[in-house]
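Residue numbers (our numbering): 2 to 334. Think of the CB as a built atom: it goes at the ideal place given N, C-alpha and C, for glycine as much as any other residue. The structure displayed is predicted, hence computed values, not measured ones. What follows is one structure encoded as structure tokens, with my remarks underneath.
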């Protein structure tokens, strides 16, 4: 993070260090050892139409898969609270330059002695592969369309998103989360960059733990990205979801997808240069994404409690016409 302090014209740089934790015990690895691509471009293009939720909630819908988070689902999530322990799933706003590629967050301190007053000004480019944020449904376009078939050029202008902006979630997200700890499943501290996560991993995790991904849930995928970054801070790249996993989201009617990366694995479908996870979830399913979560502490807590299902709360900043929001989601056990 780059900070400046304005005080009689002086600028003082300050520094911030991010520390990550490493997860623990191992489970058996599912039989998908080649790390090979699991889907083709033709399959992906078919899923974009066959598994779409367009018009499911009407032509004027602004929520997409968040419609699956019903009052009954929120009550189910609330029933999971036993200890009252809360854990942040967000990172400190910090320097994203280097291997993660983001421009730095800037905090400008403004200090006055007459009258006494202290305030600050924030500047952040939060989309990308570093800052914890929530994607709005107008954030991604595919074949000229955004969610529900709206024309991209009519939806997104220099003034922002005419509809499908982040204020659609102004009441916040409260639902049941299911944490899938893939490194723990595979018996490693973290996944190496380029490692693909398959639906077999999720299904194996369900069998091992008894957790179950259900309609209206938030599915959280831990790859151990931040544990790896702590050990090897100069290493670039992340693990991510293989494209063959995408139908699982439709079959289970998942409401929200989150992870400790931006979900994508490099060259997901060889020869097809598309961020397939973002296109399928946001455009086809109308599913908001939680990118770059800190899942280290919650993974430790889940292992300690042997509870991989818990309540998650996430409230975006109400940015009119915004494509998303920085966010600090909270898990409650």
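For residue 288, the three-state DSSP class (helix, strand or coil): Three-state DSSP puts residue 288 in coil, outside helix and strand.
Which of helix, strand or coil does DSSP assign to residue 193? Of the three classes helix, strand and coil, the one that applies to residue 193 here is coil, per DSSP.
Would you list the one or two residues that DSSP bridges to residue 327? DSSP lists 134 as partners of residue 327.
Among 227, 193, 220 and 108, which residue has its Cα nearest to the Cα of residue 204? When only C-alpha atoms are compared, the closest one is 220.
So is residue 211 buried or exposed if we call it buried at 16+ other beta carbons inside 10 Å? Looking at its Cβ environment, which holds fewer than 16 other Cβ atoms inside 10 Å, residue 211 is exposed.
Apart from the five residues on each side of it in sequence, which residues of its chain come closer than 7 Å, Cβ to Cβ, to residue 69? The answer, listed in chain order, is 216, 217, 254 and 256.
Just reading off the beta strand (DSSP E) that residue 175 is part of, what are its end residues? Residue 175 -> beta strand (DSSP E) spans 174 to 182.
Three-state secondary structure (DSSP) at residue 259? Judged by DSSP in its simplified three-state form, residue 259 adopts strand.
With residue 113 as the anchor, note down where its beta strand (DSSP E) starts and where it stops. For residue 113, the enclosing beta strand (DSSP E) begins and ends at 107 to 114.
Quick check on residue 222: buried or exposed, where buried means 16 or more other Cβ atoms within 10 Å of its Cβ? Around the CB of residue 222, 16 or more other CB atoms lie within 10 Å, so the residue is classed as buried.
In the DSSP output, what is residue 198 paired with across the bridge? Partner(s): 242.
Does residue 171 pass the burial test, meaning 16 or more other C-beta atoms within 10 Å, or should it be called exposed? Exposed is the call here.
Hey, how far is the Cα of residue 238 from the Cα of residue 115? Rounded to whole angstroms, residue 238 and residue 115 show a C-alpha spacing of 49 Å.
Residue from 250, 131, 148 and 49 whose Cα sits closest to the Cα of residue 336: This structure gives no information on residue 336, because the portion of the chain shown stretches from 2 to 334.
Do residue 283 and the ligand GTP come close, with the Cβ less than 6 Å from some heavy atom? The ligand GTP is not part of the structure shown, which contains no ligands of any sort.
Which residues in the same chain as residue 11 place their Cβ atom closer than 8 Å to its Cβ, once the five residues preceding and following it in sequence are excluded? Caution is warranted here: a pLDDT of 34 is assigned to residue 11, below 50, making its placement in the model unreliable, and the coordinate value is therefore given only provisionally. There are no such residues.
Using only the alpha-carbon positions, how far apart do residue 2 and residue 128 sit? Reliability of the predicted coordinates at residue 2 is poor, the pLDDT of 48 falling under 50, and no value is obtained from them.
I'd like to check one pair, residue 190 with residue 240: are the Cβ atoms closer than 7 Å? No, the Cβ-Cβ distance between residue 240 and residue 190 is not below 7 Å.
Neighbourhood of residue 153 by C-beta distance below 8 Å, restricted to the same chain and skipping five residues each side: Counting only Cβ-Cβ distances below 8 Å, and skipping sequence neighbours, we find 142, 145, 146 and 147.
Can you tell me the Cα-Cα spacing of residue 75 and residue 275, whole angstroms? About 34 Å.
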